[in-house]
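Residue numbers (this note's numbering): 10 to 158.
Glycine is no exception: its CB is placed at the ideal position from the N, C-alpha and C atoms.
None of the values given here were measured: they were computed from a predicted structure.
Taking it in order: structure first as C-alpha cells, then the write-up.
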Amino acid sequence: MGCLQLNERANKVDSLSPTEVVGFGNSEGIKLQSQSSWGIGKNTHTPDQVCQILTHEFTHYVEFSLAKNEIPLWFNEGVAVYTAMQNKEYLVRDAHKSGKLILLEKLDKKWYDNPDLAYAEAGSFVKFLVSNYKGSLSEVFQGLKSGKF
Ligand SMILES: [Zn+2]
10 MGCLQLNERA NKVDSLSPTE VVGFGNSEGI KLQSQSSWGI GKNTHTPDQV
60 CQILTHEFTH YVEFSLAKNE IPLWFNEGVA VYTAMQNKEY LVRDAHKSGK
110 LILLEKLDKK WYDNPDLAYA EAGSFVKFLV SNYKGSLSEV FQGLKSGKF
C-alpha cells in the first residue's frame, strides 16, 4: 500500500468503517474516502475540510511511527485534533457548565457515548499540555515507544 490511498468510488474508507469516518491514519499510511461523498448522510465533513482531515490523519501516521506501541485513544486523537486545529473548545465549556465533562481516565471507554465531546476534551487536554509543559508530547511518545506507559 502507498502512503496515501484515496477511495474515489466508495463512500467508506474501507469495508469496516462507518460512512461518517472520512479518513484513517495508522503506521501503514492514510486512507480517505472520496471527497464527493463528504457531507452526505451521517458524514458531516465538507470537501473544504480536506486540509484539516489530511493533517489529522497524517498526525496519526506520525504518532504510530513515533510510538511503535498502542497509543491511548484520547492521546492519539487529542494530538491529531490539536495539530489539525479542529478543537471545538465550546463543547468542553458547555459540558463543564452542565456537569457533563467526561473524566480523562474514563475518556477511552466512554469515547463513543459522545464522540464530539470526547474529541474536544482530548484536543483541549493536549493543548493544555503543550501550552504548560514544554516537551511534554515528546516525553509521552518516548515513554510509549519504550513501553514505559
Ligand atoms: Zn483521528
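How many whole angstroms separate the CB atoms of residue i and residue j, which I take to be in contact at a CB cut-off of 8 Å?
i           : j          : result
residue 150 : residue 89 : Not confirmed; about 13 Å, so no contact.
residue 2   : residue 30 : Residue numbering for the chain in the displayed model covers 10 to 158; residue 2 lies beyond these limits and cannot be assessed.
residue 78  : residue 46 : In fact, because the Cβ distance is near 33 Å, the residues do not count as touching under 8 Å.
Between which residues of its own chain and residue i is the CB-CB distance below 6 Å, once the five residues before and five after are set aside?
i           : result
residue 95  : 61
residue 40  : 14, 22, 33
residue 87  : 131, 132, 134, 135
residue 97  : 129
residue 93  : 61, 64, 65
residue 158 : 152
residue 104 : 110, 126
residue 101 : 129, 130, 133
Please list, in chain order, all residues of the same chain as residue i whose beta carbon is under 7 Å from its beta carbon, the five residues on each side excluded.
i           : result
residue 69  : 34, 35, 85, 89
residue 120 : 82, 127
residue 67  : 34, 39
residue 59  : 44
residue 26  : 33
residue 156 : 78
residue 74  : 36
residue 28  : 20, 21, 50, 51, 52
Excluding the 5 residues flanking residue i on each side, which residues of the same chain have their C-beta closer than 8 Å to its C-beta?
i           : result
residue 163 : The question about residue 163 has no answer here: the residues shown for the chain are numbered 10 through 158.
(message) So if I measure from each beta-carbon to every heavy atom of ligand 1 and keep distances below 5 Å, which residues remain?
(response) Chain order is used for the residues whose beta-carbon lies nearer than 5 Å to a heavy atom of ligand 1, namely 86, 89.
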